[in-house]
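In order, the protein sequence lines correspond to chains P and U.
The first sequence begins at 655 in this note's numbering and counts up by one.
The second sequence begins at 655 in this note's numbering and counts up by one.
Note that the Cβ used here is the ideal one computed from N, Cα and C, for glycine as well.
One structure is given here, and the rest of the page talks about it.
Protein chains: 2
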Amino acid sequence: MSTVRRGNGGGPARSRTGRRAGDSGTREAILDSARQQFAAHGYDGATIRGIAAAAGVDPALVHHFYGTKERLFASAMRLPVVPSEFIAAALADGEIPAGVTVGEHLVATALELWEGAETIGPFQAMLRSAVSSEQAAAMLREFLTEVILAPVATATRGDPGSAPLRAAMVASQMLGLAMARYVLKFGPVVRASRAELVAAIGPAIERYLTGDIS
Amino acid sequence: MSTVRRGNGGGPARSRTGRRAGDSGTREAILDSARQQFAAHGYDGATIRGIAAAAGVDPALVHHFYGTKERLFASAMRLPVVPSEFIAAALADGEIPAGVTVGEHLVATALELWEGAETIGPFQAMLRSAVSSEQAAAMLREFLTEVILAPVATATRGDPGSAPLRAAMVASQMLGLAMARYVLKFGPVVRASRAELVAAIGPAIERYLTGDIS
């Protein structure tokens, strides 16, 4: 159902009782509570039970509206997609165009997502907040480790022991690209087209995923 | 003379009149003024003349103590080295050990610098401030463009037209590494030894400097 396909919004258009305003108020209370609990306890430490309690609702309602903790996090942070599903979809074999490497496809897909009209604001805000406080950094670190690095690691080849470092190297280059293009706004990185960035960075990502890095 | 070899401190041990305390007070006033002027006007916009005026001293004294604007910036930001000199020295042909690529040497040298006892604090502070405000981002962008990207670009091979993008790609990966290891503290990047990071990232940097990126 559409409730759980997207991080931002979704859910039944109206509850069975037809109380739209009440639903909307409850949703906002849950998202407010989620933002507070994630900030206070980190991504790992926050629980749906605790978020529900702080919002004064039943945990079952939170599950009903948002499904999983990751989906709730994505909604609370106003992400336009559920990251792990987005990455899994982008890395699925059938999704990668012929003649394009996984590394190139990952860069192209990330740029397309980041530069979407509903994404760019929240994405910049998340980058900024992550470096402005230890707490926000911990939250982003835990979130990325759990829901981003894991699916990226499954896309790596070679011995499983190197997968965490490979995924982290991918994350470091993508993070540096995002910082350079959206936050620090380095001239050549801002002026480059997406195709130029894919050509420049794609092979580096592909090597991190599948090449010799030791 | 030793005054201009290092960004942090240096200068004559005492002035000709022997007034050490006065020197020290004047230096602090100049550095305070520099921090304010760089923050207010950016790296490009701030001038030694304006910094001297705000500190109530003669511009010649600022030149005497700090030499160039870059050296003054490095001192004001408490950097332990003058970045352009550090990079130029690291990339000088004679400095690169046999069997080591320029890319590997650049990663190894940067890690060694960043993780020096007197560097790590100011470096983290600079990364954090650069993303916390547009003003600080502009200052860092201008500084990096003028004094970091230019010497890196001279280390690139191939057509000169691609040098700015090559240098910016190097900067994006190094920035991402620094963010991942020191600010967000991704587990695998924190746990990796310097040698492991050099092996993983060095070839990516070498490709940005000299490979086919289009």
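Looking at the structure shown, is U:L733 part of a helix, part of a strand, or coil, going by DSSP?
-> For the purposes of this step, residue 733 of chain U is taken as residue 79 along the second sequence, with counting starting at 1. Look at U:L733 here: in three-state DSSP terms it is coil, with no helix or strand label.
If you draw a straight line from the alpha carbon of U:E758 to that of U:E860, how long is it in whole angstroms?
-> Counted from its first residue, the second sequence places residue 758 of chain U at position 104. Counted from its first residue, the second sequence places residue 860 of chain U at position 206. A direct Cα-to-Cα measurement between U:E758 and U:E860 gives close to 7 Å.
Taking U:A840 as part of the alpha helix (DSSP H), name the residues at either end of that continuous run.
-> The sequence position of residue 840 of chain U within the second sequence is 186, counting from 1. The question names Ala, but residue 840 of chain U in the sequence shown is Phe. Where U:F840 is concerned, there is no enclosing alpha helix (DSSP H), given that its DSSP letter is neither H nor E.
Chain-ordered residues of the segment 762-776 of chain P with a beta carbon less than 9 Å from chain U | So the list is empty, because no residue satisfies the distance condition.
Beta-carbon separation of P:P737 and P:A743 under 8 Å?
-> Here residue 737 of chain P corresponds to residue number 83 of the first sequence, with the count starting at 1. Here residue 743 of chain P corresponds to residue number 89 of the first sequence, with the count starting at 1. No. Outside cutoff.
Selection from P:V824, P:G830, P:A807 and P:A825 that minimises the alpha carbon distance to U:S826 = The residue you call residue 826 of chain U lines up with position 172 of the second sequence. Comparing Cα positions, the closest option is P:G830.
Could you pull out every residue in the same chain whose Cβ sits closer than 6 Å to the Cβ of U:A675, ignoring the five residues on either side in sequence?
-> Here residue 675 of chain U corresponds to residue number 21 of the second sequence, with the count starting at 1. Low local confidence applies: a pLDDT of 49 at U:A675 is under 50, so the model's placement there is unreliable, and no value is given.
Examine chain P for any beta-carbon lying closer than 8 Å to the beta-carbon of U:A675, and answer yes or no.
-> Translated into positions along the second sequence, residue 675 of chain U becomes position 21. Note that U:A675 scores 49 on pLDDT, short of 50, meaning its location in the model is unreliable; the coordinates nonetheless yield the value given after this. Interface residue (Cβ-Cβ distance to chain P less than 8 Å): U:A675 is not classified as such.
Leaving out five residues on either side along the sequence, give the residues of the same chain with a beta carbon under 8 Å from the beta carbon of U:H717.
-> For the purposes of this step, residue 717 of chain U is taken as the residue at position 63 of the second sequence. Correct list, in chain order: I702.
So, is the C-beta of P:F840 closer than 8 Å to a C-beta in chain U?
-> Translated into positions along the first sequence, residue 840 of chain P becomes position 186. So yes, P:F840 belongs to the interface.
Beta-carbon spacing of U:L767, U:F740 below 8 Å | Numbered from its first residue, the second sequence carries residue 767 of chain U at position 113. Numbered from its first residue, the second sequence carries residue 740 of chain U at position 86. Against a cut-off of 8 Å, the Cβ pair of U:F740 and U:L767 comes out as a contact.
From U:A688 to U:A730, what does the alpha carbon distance come to, in whole angstroms?
-> Start at 1 with the first residue of the second sequence, and residue 688 of chain U comes out as number 34. Start at 1 with the first residue of the second sequence, and residue 730 of chain U comes out as number 76. When rounded, the distance between both Cα atoms is 6 Å.
Endpoints, the alpha helix (DSSP H) within which P:Y720 is located | Taking the first sequence and counting its residues from 1, the one referred to as residue 720 of chain P is at position 66. Element bounds for P:Y720: P713 to Y720.
Would you check if the segment 842-861 of chain P and the segment 813-825 of chain U touch, i.e. whether three or more CB-CB distances between them fall below 8 Å?
-> Yes, the segment 813-825 of chain U is in contact with the segment 842-861 of chain P.
Apply the 10 Å Cβ neighbour rule to U:G721 and answer buried if 16 or more other Cβ atoms are within range, or exposed otherwise.
-> Numbered from 1 along the second sequence, position 67 holds the residue referred to as residue 721 of chain U. Buried, because 16 or more other Cβ atoms sit within 10 Å of the Cβ of U:G721.
What whole-angstrom Cβ distance do P:P818 and P:A807 have, given they're in contact under 8 Å?
-> In the first sequence, counting from the first residue as 1, residue 818 of chain P sits at position 164. In the first sequence, counting from the first residue as 1, residue 807 of chain P sits at position 153. Confirmed, about 6 Å.
Taking only beta-carbon positions, decide if U:S868 is within less than 8 Å of chain P.
-> Here residue 868 of chain U is taken as the residue at index 214 of the second sequence, counted from 1. Closer than 8 Å: yes.
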